[in-house]
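Only one structure is covered here, and it is reproduced in the block below.
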Amino acid sequence: MAERSSQSGFILVASIWLLVVLLLIAGLFGVYVSTQVAEAGKAKARTVESLDWVSTEQTLLYLFSVNGMSRKGLLVKGDVPATLRLDGSEYRGWGDVRFSVNDFGGLVGVNVYNNLHLDQLLRSFEVSESGRRKLLDGLYDYVDMDDLIRLNGYEGLGSNNAEFAPTNDLLKTIEELENVVGWQAFLNSYPGFRASDWLSTNWRSRLNLNTIPSSLFSRVLPIDEEEARRLIKARNEEPFKNMDSVDSLLRHRVGLIDDYYTFIPTGDVRFRVYSAKSHKVSTFVVLYTPMSVRWPWVIDYRYQSENRTNRQTSSRDVAREYFERKSNSAG
Numbered sequence: 005m006a007e008r009s010s011q012s013g014f015i016l017v018a019s020i021w022l023l024v025v026l027l028l029i030a031g032l033f034g035v036y037v038s039t040q041v042a043e044a045g046k047a048k049a050r051t052v053e054s055l056d057w058v059s060t061e062q063t064l065l066y067l068f069s070v071n072g073m074s075r076k077g078l079l080v081k082g083d084v085p086a087t088l089r090l091d092g093s094e095y096r097g098w099g100d101v102r103f104s105v106n107d108f109g110g111l112v113g114v115n116v117y118n119n120l121h122l123d124q125l126l127r128s129f130e131v132s133e134s135g136r137r138k139l140l141d142g143l144y145d146y147v148d149m150d151d152l153i154r155l156n157g158y159e160g161l162g163s164n165n166a167e168f169a170p171t172n173d174l175l176k177t178i179e180e181l182e183n184v185v186g187w188q189a190f191l192n193s194y195p196g197f198r199a200s201d202w203l204s205t206n207w208r209s210r211l212n213l214n215t216i217p218s219s220l221f222s223r224v225l226p227i228d229e230e231e232a233r234r235l236i237k238a239r240n241e242e243p244f245k246n247m248d249s250v251d252s253l254l255r256h257r258v259g260l261i262d263d264y265y266t267f268i269p270t271g272d273v274r275f276r277v278y279s280a281k282s283h284k285v286s287t288f289v290v291l292y293t294p295m296s297v298r299w300p301w302v303i304d305y306r307y308q309s310e311n312r313t314n315r316q317t318s319s320r321d322v323a324r325e326y327f328e329r330k331s332n333s334a335g
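Note that the sequence shown covers residues 5 to 335 in the numbering used here.
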């Protein structure tokens, strides 16, 4: 009896241990399955986001190639025509993707010689005249193809500044500004200077007052904040035709020289695409000219950067609405 009782006890203990092992295996398997399901969900979300991202970019390229631009912006055709502004206003793309579009003419170009607008922008940050001269001379030396010695340019610094040696070529991206002598220190000292939002690699000297970002108005024009708000409101209702229409709204002459301003888009466009859930921003510049053999556009350059701002969008879904209207009318 004692031996049989001992055997029964052993079987009971073994059964308990077996159950414990099975429970552990089941628990580990459950954790593994949960982890795999979570990873699969993340992978699916990334795939959907990538598809939405590509769809938004391709939709924009298509819309800009088949629709015309006017002083108002891109005129999107359809049963309910829409206008896509070129002043950096933000819109919804596909899914959680957002985008903005800037006419190059509405941004301050850094490849401009005798850069009146960039000088005025630096002045709005209370940069001294000598400080502005150093920054501008360094920039001129960086992009020009001569060895002219300017007072504050690179050629006047001697050969011990190889770190900031000029390329003697136009800047390709705004990020390249940090390679220009003096500019990296300036950008670090003035975090409110929104180089990526306000500047472009444009080489034209004229600034488009119909596509200039709202935040740039009072910084590059000799007007105050109240006058800037008045101009922005009026521009949103009816784009400016000429300098007289600007002066009439302000009820006084601003004193701007017509040669430095324009009111028509250039045809060179900067797109910014980002996701509300992502930390990256894709920036690419498109030239809508017959330079390409296969497409009616040329992508001048493209790069990705970190999304440092928590952007809020009034998000009119122009791109997607266009295709929804087309599919509904076809049905």
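Every residue gets a Cβ at the ideal spot worked out from N, C-alpha and C, and that includes glycine.
**Limits of the beta strand (DSSP E) - the one that Tyr278 falls within** = Locating residue 278 in the sequence shown gives position 274, counting from the first residue. It spans Asp272 to Ser279 - the beta strand (DSSP E) in which Tyr278 sits, taken as one unbroken run.
Task: Cross-strand partners of Leu78 (DSSP beta bridge) - done: Position 74 of the sequence shown, counting from 1, holds the residue named residue 78. Looking at the DSSP assignment, Leu78 forms a beta bridge with Met73 and Leu88.
| message | Measuring only the C-alpha atoms, how far is Gly110 from Trp202? | response | The residue you call residue 110 lines up with position 106 of the sequence shown. The residue you call residue 202 lines up with position 198 of the sequence shown. Just so you know, the alpha carbons of Gly110 and Trp202 end up roughly 9 Å apart.
Simplified DSSP assignment, three categories, for Glu242: Counting from 1 along the sequence shown, the entry for residue 242 is found at position 238. Assigned with DSSP and collapsed to three states, Glu242 falls in coil, not helix or strand.
Quiz item: Would DSSP call Glu130 helix, strand or coil?
Solution: The residue labelled residue 130 in the question sits at position 126 within the sequence shown. DSSP places Glu130 in the coil class of the three-state scheme, outside both helix and strand.
Buried or exposed: which applies to Tyr307, given that a residue is buried once 16 or more other Cβ atoms fall within 10 Å of its Cβ?
On the sequence shown, residue 307 is found 303 positions in, with the first residue counted as 1. Under a 10 Å Cβ-count criterion, Tyr307 is classified as exposed, with fewer than 16 other Cβ atoms of the shown protein chains found around its own Cβ.
- Which class does Leu260 belong to by DSSP, given the choice of helix, strand or coil? Position 256 of the sequence shown, counting from 1, holds the residue named residue 260. In the structure shown, Leu260 falls within a coil segment according to DSSP collapsed to helix, strand and coil.
Legend entry - Cross-strand partners of Leu203 (DSSP beta bridge): The residue you call residue 203 lines up with position 199 of the sequence shown. Answer is Val112, bridged to Leu203.
* To do: Reducing DSSP to helix, strand and coil, say where Arg96 ends up.
  => To locate residue 96, count along the sequence shown from 1; it is residue 92. Three-state result, Arg96: strand.
For Thr287, does the three-state DSSP call read helix, strand or coil? Position 283 of the sequence shown holds residue 287. Reduced to three states, the DSSP call for Thr287 is strand.
Looking at C-alpha atoms only, which residue of Leu122, Gly82, His283 and Ala49 is the closest neighbour of Trp187? Numbered from 1 along the sequence shown, position 183 holds the residue referred to as residue 187. That would be Leu122, whose Cα lies nearest to the Cα of Trp187.
Q. When burial is assigned at 16 or more other CB atoms within 10 Å of the CB, is Val80 buried or exposed?
A. Within the sequence shown, numbered from 1, the residue matching residue 80 stands at position 76. Counting Cβ neighbours within 10 Å, Val80 comes out buried, since at least 16 surround it.
**Prompt:** Is DSSP giving Phe68 helix, strand or coil here?
**Reply:** Start at 1 with the first residue of the sequence shown, and residue 68 comes out as number 64. Reduced to three states, the DSSP call for Phe68 is helix.
Report the CB separation of Val112 from Val224 in whole angstroms; it is logged as a contact under 8 Å. Numbered from its first residue, the sequence shown carries residue 112 at position 108. Numbered from its first residue, the sequence shown carries residue 224 at position 220. Right, the Cβ-Cβ distance comes to about 7 Å (below 8 Å), so this counts as a contact.
- Query: Cβ of Ala199 within 8 Å of Cβ of Leu181?
  - Reply: By 1-based counting over the sequence shown, the position of residue 199 is 195. By 1-based counting over the sequence shown, the position of residue 181 is 177. Yes.
| For Val184, the three-state DSSP class (helix, strand or coil) | Counted from its first residue, the sequence shown places residue 184 at position 180. Note: Val184 maps to coil in three-state DSSP.
DSSP three-state label for Arg198, please. Counting from one through the sequence shown, the residue named residue 198 turns up at place 194. In this structure, Arg198 counts as coil in the three-state DSSP scheme.
For Ile268, does the three-state DSSP call read helix, strand or coil? The residue labelled residue 268 in the question sits at position 264 within the sequence shown. Coil at Ile268, not helix or strand.
Should Tyr265 be labelled buried (16 or more other beta-carbon atoms within 10 Å of its own) or exposed? Here residue 265 refers to the residue found at position 261 of the sequence shown. Looking at its Cβ environment, which holds 16 or more other Cβ atoms inside 10 Å, Tyr265 is buried.
Pro85: CB within 7 Å of a non-hydrogen atom of the ligand SAH: By its list of ligands, the structure shown contains no ligand whatsoever, and the ligand SAH lies outside what it can speak to.
Closer than 6 Å by C-beta to Arg274: which residues in its own chain qualify, once you throw out the five before and the five after it? Chain order, please.
Here residue 274 refers to the residue found at position 270 of the sequence shown. Correct list, in chain order: Asn106 and Val289.
field: Close Cβ partners of Thr270 (< 8 Å) along its chain, the five nearest in sequence each way excluded
entry: Against the sequence shown, residue 270 aligns to sequence position 266. Here the set comprises Asp107, Phe108, Gly109, Asn206, Arg208 and Asn212.
Q) If Leu191 sits next to Asn115, beta carbons under 8 Å apart, how far is it from one beta carbon to the other, in whole angstroms? A) Stepping through the sequence shown from its first residue, residue 191 is reached at position 187. Stepping through the sequence shown from its first residue, residue 115 is reached at position 111. Contact between Leu191 and Asn115 does not hold, since the beta-carbon distance rounds to 18 Å and is not under 8 Å.
Checklist entry - Using CA coordinates, which residue listed in Val131, Asp263, Val37 and Ile268 is at the minimum distance from Gly196? => result Taking the first residue of the sequence shown as 1, we reach residue 196 at position 192. Looking at the Cα atoms, Val131 is the closest of the given residues.
Exercise for review: Indicate whether the contact test is met: 3 or more Cβ pairs, each with one atom in the stretch 85 to 103 and one in the stretch 58 to 74, closer than 8 Å.
Suggested key: Taking one beta carbon from each stretch, the stretch 85 to 103 and the stretch 58 to 74 have 3 or more pairs nearer than 8 Å; the two touch.
Query - Limits of the unbroken beta strand (DSSP E) element including Asp107 - result: In the sequence shown, counting from the first residue as 1, residue 107 sits at position 103. Counting along the chain, the beta strand (DSSP E) containing Asp107 begins and ends at Val101 to Asp107.
Output the distance between the C-alpha atoms of Ser38 and Thr287, rounded to the nearest integer angstrom.
Within the sequence shown, numbered from 1, the residue matching residue 38 stands at position 34. Within the sequence shown, numbered from 1, the residue matching residue 287 stands at position 283. Taking the straight line from one Cα to the other gives about 37 Å.
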